[in-house]
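Here's the structure, in structure tokens; my notes come after.
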Amino acid sequence: MSLLQRIKQHLLPPSSRSFHAFETNANSEMHQLRLENASLMQQLAYMSDQLTQITEQVNQIQAEHAYEQQRDMMLFWAEYQKPSESPIAAKKRFFRSLPKAKGNLQLLQDNQIKLFKEFDSICRNNGIIYWAGSGTLLGAYLYEDIIPWDDDIDVFMTRSQIAQLQELLESDCTYRITTLWDWYVPCKQIRFCLQDTNNPAFIDLFPLDLTNSDPEYAWNRVLEERASFVKDIRNEFQGTEWESIPYLPTTHPITKNIERLYREHVASLHDDINYVSSFEDATGLTRGIENIDELHSTGPYPINDWIPTQDMKYRDFSVMACSAWNTYLTRHYGNYFKIPKDINSHEHVANDYLNSEAVQNSMHRYLGK
């Protein structure tokens, strides 16, 4: 190739023939891509149809299985129920006949229940109101005892009455109230427990506030503020020592900032909700934003659903419950006569810890064994 031809090749525009050859090649490649894309779209449409069919089949199988379960349960209850017995009485008899806990769980439950009985006595003797909640209330109604696989006690109290209980126990030699900020949930754990730190028995105290605002509005407004509080906790304390010490004692320096953030959100609530100090002035109750979230919302809590309280048998004593206990349990659990699916998920106290000699000795000593 001559020098002149090489210069033309590099510096001059391509000839019409060269350009058309390039254009033809590009069009050919574009056509091939379109064909491949069309093929992929056909495959995707086919897979989507297949997925829809599989989903419909799974839904049909689940519906048939649910129907079979419902039918079998109807037949079971029809056989189980005695001629002179109501359906509810038969179901209570069934649940109360289930095997009790054994071993370490039984020992822990016995300690929890003794502590609960003493807690109840302190409250009644000092005019303090509480309400059994969650699985504790369900246990009182269905079993007249702790649920066989449960290992904790949950109660609600108004914030002012928690403060009254704390004041009573300031110099007590037997009992104490502990507070921790829990990173995992997050929430503020408030617990009634023994001074003996080797004994793992405790009662969770969940604070409620009295309001004379519309109960439904107040309930929803608190849920909204709770979500905002949790979001701000995650944003502000991510990567701090709170993550490495997930159960942070309130004496830790970081808790000053947690409490500051908490007060800011409480102040926001006070702008919208009118809180009161007495049951007589209240139209309803709201959960504190430091409480653990509910899987299913149990509110709102109109005051007439909670005051006066109702006593329920719990092993060898009675516990306080809200008067609208059925509404509460239905919102919390749905059909609470079903055997739950989380029987094996209750472990607030690790079994390895329960096995330690110091803990075993403490629990036996507390029971007088």
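The sequence shown: position 160 = 160 (the UniProt record's numbering), numbered continuously. Even for Gly, the Cβ is constructed at its ideal location relative to N, Cα and C.
Q | Cβ shell of Ile292 (< 6 angstroms), same chain only, five flanking positions each side left out | A | Position 292 of the sequence shown, counted from the start, is the residue given in the question as residue 292. So the qualifying residues of the chain are Val185 and Cys187.
(Q) Can you tell me whether Leu4 is buried or exposed? The criterion is at least 16 other CB atoms within 10 Å of its CB, across all chains shown. (A) If you number the sequence shown from 1, residue 4 lands on position 4. A caution first: Leu4 carries a pLDDT of 49, below 50, which makes its placement in the model unreliable, though a value can still be read off. When all chains shown are included, Leu4 counts as exposed.
Q) Would a C-beta distance cut-off of 8 angstroms place Asn351 and Asn104 closer than the cut-off? A) What you label residue 351 is simply residue 351 of the sequence shown in a count that begins at 1. What you label residue 104 is simply residue 104 of the sequence shown in a count that begins at 1. Between Asn351 and Asn104, the C-beta gap is smaller than 8 angstroms, which places the two residues in contact.
**Q.** Sequence-distant residues of the same chain with beta carbon closer than 7 angstroms to His265, five excluded per side
**A.** As a first step, residue 265 must be located in the sequence shown, where it is residue number 265. Excluding positions up to five away in sequence, the list reads Glu225, Ser228, Phe229 and Ile289.
Q) Cys322 and Thr330 look like a contact to me (Cβ under 8 angstroms); what is the Cβ gap, rounded to whole Å? A) Residue 322 sits at position 322 when you count from the first residue of the sequence shown. Residue 330 sits at position 330 when you count from the first residue of the sequence shown. With a Cβ gap of about 13 angstroms, Cys322 and Thr330 do not count as contacting.
(Q) Measuring only the C-alpha atoms, how far is Asn212 from Tyr301? (A) On the sequence shown, position 212 is the one that residue 212 refers to. On the sequence shown, position 301 is the one that residue 301 refers to. Cα to Cα, Asn212 sits roughly 12 angstroms from Tyr301.
**Q.** Nearest-angstrom Cα separation, counted from Ala101 out to Arg365
**A.** One-based indexing of the sequence shown puts residue 365 at position 365. One-based indexing of the sequence shown puts residue 101 at position 101. Cα to Cα, the separation comes out at about 20 angstroms.
Q: Grab me the residues of Leu169's own chain with a C-beta within less than 7 angstroms of its C-beta, minus the 5 sequence neighbours each way, in chain order.
A: For the purposes of this step, residue 169 is identified with residue 169 of the sequence shown, where counting begins at 1. Cβ neighbours of Leu169 beyond the five flanking positions: Tyr175, Arg176 and Ile177.
Q) Hey, which unbroken runs of the beta strand (DSSP E) at 3 residues or more fall wholly within the region 112-165? A) Correct list: 153-158.
**Q.** C-alpha gap between residue 406 and Gln81, whole angstroms
**A.** Not covered by the structure: residue 406. The range shown for the chain is 1 to 369.
Q. Taking only runs of the alpha helix (DSSP H) that begin and end inside the region 206-253, which ones reach a length of at least 4 residues, in chain order?
A. Listed in chain order, they are 215-237 and 241-244.
Q. With 16 as the cutoff for other CB atoms within 10 Å, does Asn355 come out buried or exposed?
A. What you label residue 355 is simply residue 355 of the sequence shown in a count that begins at 1. Taking all protein chains in view, the Cβ of Asn355 is surrounded by fewer than 16 other Cβ atoms within 10 Å, so the residue is classified as exposed.
**Q.** Which of helix, strand or coil DSSP assigns to Trp181
**A.** Mapped onto the sequence shown, residue 181 falls at position 181. Strand at Trp181.
Q. Counting pairs of beta carbons, one from the region 73-88 and one from the region 121-139, are three or more of them closer than 8 angstroms?
A. Touching, no.
Q: Identify every run of the beta strand (DSSP E) within the region 251-287, keeping only runs that are complete inside it and at least 3 residues long; order them along the chain.
A: For the region 251-287, whole beta strand (DSSP E) runs of length 3 or above, ordered along the chain, are 284-287.
**Q.** Alpha carbon of Asp311 to alpha carbon of Arg263, nearest angstrom
**A.** Here residue 311 refers to the residue found at position 311 when the sequence shown is read from its first residue. Here residue 263 refers to the residue found at position 263 when the sequence shown is read from its first residue. If you take the alpha carbons of Asp311 and Arg263, they lie about 35 angstroms apart.
Q.
Checking 8 angstroms against the spacing of the C-beta atoms, do Val222 and Thr158 come in under that value?
A. Within the sequence shown, the letter at position 222 stands for residue 222. Within the sequence shown, the letter at position 158 stands for residue 158. No, these two residues do not count as a Cβ contact at 8 angstroms.
Q. Near Tyr143, what residues of its chain come up, given a Cβ to Cβ distance below 7 angstroms and the 5 sequence neighbours on each side ignored?
A. Here residue 143 refers to the residue found at position 143 when the sequence shown is read from its first residue. Correct list, in chain order: Phe95 and Arg96.
Q) For Tyr336, which three-state DSSP category applies? A) If you number the sequence shown from 1, residue 336 lands on position 336. It is coil, neither helix nor strand.
Q.
Let me check one thing: in DSSP terms, what residues is Tyr175 bridge-paired to?
A. Walking along the sequence shown from the start, residue 175 turns up at place 175. According to DSSP, which records beta bridges pairwise, Tyr175 is partnered with Leu194.
**Q.** Ala321, DSSP secondary structure in three states
**A.** Along the sequence shown, read from residue 1 onward, the residue named residue 321 stands at position 321. Correct three-state label for Ala321: strand.
Q | C-alpha gap between Ser277 and Pro253, whole angstroms | A | As a position in the sequence shown, residue 277 is number 277, starting the count at 1. As a position in the sequence shown, residue 253 is number 253, starting the count at 1. Rounded to the nearest whole angstrom, the C-alpha separation of Ser277 and Pro253 is 31 angstroms.
Q) By how many angstroms is the C-alpha of Ile233 removed from the C-alpha of Arg260? A) Taking the first residue of the sequence shown as position 1, residue 260 is located at position 260. Taking the first residue of the sequence shown as position 1, residue 233 is located at position 233. Straight-line Cα distance between these residues: approximately 11 angstroms.
(Q) Buried or exposed for Phe317, going by 16 or more other Cβ atoms inside 10 Å? (A) The residue you call residue 317 lines up with position 317 of the sequence shown. Burial call: exposed.
**Q.** Residues near Phe156 by beta carbon distance below 7 angstroms, same chain, minus five either side
**A.** The residue given as residue 156 occupies position 156 in the sequence shown. Closer than 7 angstroms at the Cβ level, and outside the excluded window around Phe156, lie Tyr130, Trp131, Gly133, Phe206 and Leu208.
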